[in-house]
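Report on the following structure.
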Amino acid sequence: MSTSTHQSYSIRQVDLSDLSLLKKVQSEVSNKNLLHMPFLLLAQNEEIAAVSSATVSENNSLTVEISYRTEVSENLSTVFKRKALAYYEQQLLNMFGSEEALKRGIRHFHDWVNPTGNSKLV
Numbered sequence: 001m002s003t004s005t006h007q008s009y010s011i012r013q014v015d016l017s018d019l020s021l022l023k024k025v026q027s028e029v030s031n032k033n034l035l036h037m038p039f040l041l042l043a044q045n046e047e048i049a050a051v052s053s054a055t056v057s058e059n060n061s062l063t064v065e066i067s068y069r070t071e072v073s074e075n076l077s078t079v080f081k082r083k084a085l086a087y088y089e090q091q092l093l094n095m096f097g098s099e100e101a102l103k104r105g106i107r108h109f110h111d112w113v114n115p116t117g118n119s120k121l122v
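Each residue of the sequence shown is one higher than the last, beginning at 1 in the UniProt record's numbering.
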C-alpha cells in the first residue's frame with residue numbers, strides 16, 4: 001500500500017545559518033502580531049519541515065508555537081512536539097533564567113532579525 005521511499009529526518013537546534021530561511025518561513029506561516037524566536041527545526045530530506053518557536057502572544061504570555069511547512073506524519077509531529085516542549089522547559093527557560101528574561105530575549109531577537117529602517121541582516 002505505502003511506497004517505501006526512504007525519508008531522512010533530523011531534529012536540531014536553530015543556528016545562524018538558518019535565519020534567512022526562517023524569516024521566509026515565519027513570514028509564510030506566522031501571525032505577524034506575535035513575536036517569535038525559533039529554537040528547534042524538524043528537517044526532512046534537508047528541507048525545513050517544521051519550526052518550533054518560543055512566542056510572546058498578544059496578551060504577553062509565553063507559548064511554544066510549531067509551524068509546519070510541509071506535510072508531516074502524525075507520529076513525527078508528536079515526536080517533534082514532545083522534543084520542542086522538553087527543550088523549551090528544560091533548556092530554553094534555564095538558559096534565560098525566567099519567563100520575563102525569555103520574553104526580553106524574544107523581543108531582542110525579534111528586533112535584531114526585523115530591524116527597522118534599511119539595515120539588512122547579513
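We put the beta carbon where it would ideally sit given N, CA and C, even for glycine.
Measuring only the C-alpha atoms, how far is residue i from residue j?
i	j	result
histidine 68	alanine 50	Reading off the sequence shown, one finds tyrosine at residue 68, where the question assumed histidine. Between tyrosine 68 and alanine 50, the C-alpha separation is close to 4 Å.
methionine 37	histidine 110	7 Å
leucine 85	serine 10	16 Å
threonine 55	glutamine 91	15 Å
tyrosine 87	leucine 21	22 Å
Tell me the residue span of the beta strand (DSSP E) that contains residue i.
i	result
tyrosine 88	Looking at the DSSP string, tyrosine 88 is not in any beta strand (DSSP E), and its letter there is neither H nor E.
According to the neighbour-count rule (16 or more other Cβ atoms, all chains shown, within 10 Å of its Cβ), is residue i buried or exposed?
i	result
glutamine 7	exposed
leucine 16	exposed
serine 73	exposed
glutamine 13	exposed
With a threshold of 9 Å between beta carbons, is residue i in contact with chain C?
i	result
glutamate 65	Chain labels in this structure do not include chain C; a single protein chain is all it has.
How would you write the range of the alpha helix (DSSP H) that residue i sits in, first residue to last?
i	result
glutamate 99	99-113
For residue i and residue j, which I take to be in contact (beta-carbon distance under 8 Å), what is that distance rounded to the nearest angstrom?
i	j	result
leucine 40	serine 52	5 Å
query = Counting pairs of beta carbons, one from the stretch 101-108 and one from the stretch 51-63, are three or more of them closer than 8 Å?
reply = yes
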